[in-house]
Each structure stands twice: as C-alpha cells, then as structure tokens.
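Data first, discussion second: the structure below is written as structure tokens.
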Amino acid sequence: SQTIHQWPATLVQPVGSPLSLECTVEGTSNPNLYWYRQAAGRGLQLLFYSVGIGQISSEVPQNLSASRPQDRQFILSSKKLLLSDSGFYLCAWSPRRTGSTEAFFGQGTRLTVV
Amino acid sequence: KNEVEQSPQNLTAQEGEFITINCSYSVGISALHWLQQHPGGGIVSLFMLSSGKKKHGRLIATINIQEKHSSLHITASHPRDSAVYICAVSLTGTASKLTFGTGTRLQVTL
Chain V
1 SQTIHQWPAT
11 LVQPVGSPLS
21 LECTVEGTSN
31 PNLYWYRQAA
41 GRGLQLLFYS
51 VGIGQISSEV
61 PQNLSASRPQ
71 DRQFILSSKK
81 LLLSDSGFYL
91 CAWSPRRTGS
101 TEAFFGQGTR
111 LTVV
Chain Z
115 KNEVEQSPQN
125 LTAQEGEFIT
135 INCSYSVGIS
145 ALHWLQQHPG
155 GGIVSLFMLS
165 SGKKKHGRLI
175 ATINIQEKHS
185 SLHITASHPR
195 DSAVYICAVS
205 LTGTASKLTF
215 GTGTRLQVTL
C-alpha cells in the first residue's frame with residue numbers, strides 16, 4: 001500500500017537559520033508531489049508542486065525553495081528563515097494518471113520561527 | 115473572496131447531535147475533498163467526491179455540482195469527532211493541485 005512520510009512533526013528554529021523538511025512516498029512511482037503551507041488563521045496554500053525528478057513549479061513567491069532529488073523524495077528548504085515562515089507545512093502526493101484527482105497527505109510539520 | 119468558502123467557522127455540539135458543515139465554491143472543479151485535521155496537525159482524507167453522495171460510518175458527504183455546494187454530515191456525534199474539517203477542491207484542468215477552505219473547527223462536548 002502507498003504511504004507518505006513527512007518529518008519532523010514539530011520544529012522550532014531561530015530566525016536566520018536554515019530549514020530542511022523532507023517528505024518521502026512509498027508504494028508508488030512517478031507521483032505528483034506537493035508542498036502546502038497553512039499560516040495562522042488561514043487555509044492551506046499550495047507552495048510548490050513537482051511532476052518529476054528535478055521539475056519544480058512554484059505557486060507563490062517566498063523565502064522557500066523545493067527540490068526533488070529522487071522520484072519519491074520532496075524536500076522543502078530555506079537558507080534563512082523569517083518569522084513569517086512559521087506555520088503548518090503539509091506534503092501531499094497524487095497519482096500521475098491523466099484525470100486523477102486523488103490526493104494523499106503526510107502528517108505535517110508545525111514550524112515555529114522564533 | 116476565497117474560491118472555497120466554509121461555514122460555519124466554529125461549531126460546538128453536544129454528543130449525539132447531528133452536525134452539518136457546508137462548503138461552497140465559485141470555480142469549476144473536477145473533485146471535492148473533505149479532510150479532517152486533528153489538534154496534532156495530521157490530516158486525514160475523509161472523502162473525495164465528484165458527484166452524488168458518499169457514506170462512511172457516521173459520516174456522509176454530498177455534493178451538488180450545479181449549485182457548487184457540498185455538505186459534510188456527522189450523525190450521532192461523539193467527542194472524538196472534535197477536529198477541524200476542511201473542504202478542498204481540485205480545480206478543473208489543474209490535476210490534483212488543491213484549493214482549500216479555511217476549515218470548520220468542531221467541538222463535541224459530553
């Protein structure tokens with residue numbers, strides 16, 4: 001069966017420090033991968049999505065970047081965190097079948113920048 | 115105006131009550147998802163709908179494509195149902211990129 005792992009679950013980081021959140025998917029191949037963020041009091045918003053290794057699309061300009069070094073690995077990074085980067089980060093995947101609308105979610109990472 | 119609107123934002127119910135959470139959207143969609151987020155943050159997918167109605171245990175989800183509206187019902191609510199319920203849509207032509215509502219916070223008391 002397919003599973004998605006996201007870690008860490010919670011993270012407290014000082015302003016200006018780097019960030020690396022990792023997400024891996026098991027039990028499937030060629031998934032579409034997504035990073036979403038939920039800022040306080042707001043809905044989840046798409047940050048990045050990827051349809052293949054090394055292929056990253058950014059939905060909103062920000063202080064973050066994403067990479068996909070392997071087919072089932074998606075990494076969210078920052079060189080220097082800002083206070084405004086605090087929030088709940090969620091990794092998700094979907095099958096790449098044409099017309100597929102299924103979506104599967106990781107457990108999320110709650111990031112607090114202090 | 116958000117493309118996906120949920121109501122109510124907050125809901126308190128007593129154990130055993132029938133609960134309805136509403137979701138309206140203003141764009142063309144290929145599917146609508148109902149998700150559950152517990153206080154720890156983890157998100158669980160409850161339903162994916164493109165038409166009609168689905169039932170799983172005490173949960174029922176309906177969608178009216180013409181009216182661009184979906185409802186999530188919980189029968190015989192229980193304190194363990196306390197969570198944030200989120201409506202999300204897959205916009206037509208955008209594969210599985212999701213647009214989310216802001217969620218409905220449900221608290222079920224004894």
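From first to last, the protein sequence lines are chains V and Z.
Going by our numbering, the first residue of the first sequence is number 1, and it counts up by one from there.
Going by our numbering, the first residue of the second sequence is number 115, and it counts up by one from there.
For each residue, glycine too, the CB sits at the ideal point set by N, CA and C.
Beta-carbon spacing of residue i, residue j below 8 Å
i: Z/I143; j: Z/L205; result: yes
i: V/Q6; j: V/F88; result: no
i: Z/F214; j: V/G43; result: yes
i: Z/Q150; j: Z/A190; result: no
i: V/L82; j: V/V114; result: no
i: V/S77; j: V/L64; result: yes
i: V/V51; j: V/R96; result: yes
i: V/G108; j: Z/G156; result: yes
i: Z/T216; j: Z/Q120; result: yes
i: Z/R219; j: Z/N124; result: yes
i: V/Q170; j: V/R68; result: An answer regarding residue 170 of chain V cannot be provided, because it is not within the stretch 1 to 114 covered by chain V.
i: V/V80; j: V/P8; result: What sits at residue 80 of chain V in the sequence shown is Lys, not Val. Contact flag unset, no.
i: Z/S165; j: Z/I188; result: no
Distance, residue j Cα to residue i Cα
i: Z/V158; j: V/G16; result: 33 Å
i: V/S58; j: V/L47; result: 6 Å
i: Z/G175; j: V/A103; result: Before going further, note that residue 175 of chain Z is Ala rather than Gly in the sequence given. Their backbone Cα atoms lie some 17 Å apart in a straight line.
i: Z/A145; j: V/T24; result: 25 Å
i: Z/I133; j: Z/L186; result: 8 Å
i: V/A66; j: Z/H147; result: 25 Å
i: Z/R172; j: V/S86; result: 35 Å
i: V/I75; j: V/S20; result: 7 Å
i: V/S1; j: Z/G130; result: 35 Å
i: Z/L224; j: Z/H192; result: 8 Å
i: Z/L212; j: Z/C137; result: 14 Å
i: Z/V141; j: Z/G207; result: 11 Å
i: Z/G154; j: V/Q45; result: 19 Å
i: V/G41; j: V/Q62; result: 19 Å
i: V/V60; j: V/Y36; result: 11 Å
Chain-order list of residues whose beta-carbon lies under 6 Å from that of residue i (same chain, five-residue window excluded)
i: V/Y34; result: Y49 and A92
i: Z/Q221; result: T126 and S196
i: Z/K168; result: F161 and A175
i: V/T10; result: R110
Cβ neighbours of residue i in the same chain (closer than 8 Å, five flanking residues each side left out)
i: V/A94; result: The residue asked about is misnamed: residue 94 of chain V is Ser in this sequence, not Ala. P31, N32, Y34, S100, T101, E102, A103 and F104, listed in sequence order.
i: V/G106; result: I4, H5, Q6, C23, L90, C91 and A92
i: V/I53; result: R68, P69, Q70 and D71
i: V/S29; result: D71 and R72
i: Z/H255; result: A query on residue 255 of chain Z cannot be resolved here, the shown segment of chain Z reaching from 115 to 224 and no further.
i: V/P14; result: L81, V113 and V114
Same chain, Cβ closer than 7 Å to residue i, neighbours up to 5 away in sequence not counted
i: Z/Y139; result: E117, V118, K182 and V203
i: V/V12; result: T112 and V114
i: Z/I200; result: L149, Q151, F214, G215 and G217
i: Z/L163; result: A145, L146, A175, I177 and S184
i: Z/P122; result: T218
**Message:** Give me the subset of the stretch 101-113 of chain V whose CB atoms are less than 9 Å from a CB atom of chain Z, sorted by chain position.
**Reply:** T101, E102, A103, F104, F105, G106, Q107, G108, T109 and R110
**Asked** Taking Cβ-Cβ distances below 7 Å as the criterion, which residues of the stretch 36-60 of chain V are in contact with chain Z?
**Response** R42, G43, L44, L46 and Y49
**Item:** Contact set between the stretch 208-222 of chain Z and chain V, restricted to residues whose Cβ is under 9 Å from the partner
**Value:** A209, S210, K211, L212, T213, F214, G215, T216 and G217
**Every unbroken beta strand (DSSP E) within the stretch 143-221 of chain Z, with a cutoff of 3 residues, ordered by chain** = Runs of the beta strand (DSSP E) spanning 3 or more residues and lying entirely within the stretch 143-221 of chain Z occur at 143-151, 157-163, 166-170, 173-178, 183-188, 197-205 and 212-214, in chain order.
**Request:** Check each residue of the stretch 193-208 of chain Z: if its Cβ is closer than 8 Å to any Cβ of chain V, include it; give the result in chain order.
**Result:** I200, A202 and S204
**Message:** Any C-beta of chain Z within less than 9 Å: which residues of the stretch 64-84 of chain V qualify?
**Reply:** none
**Message:** Residues of the stretch 1-17 of chain V in Cβ contact with chain Z at a cutoff of 7 Å, in chain order, please.
**Reply:** none
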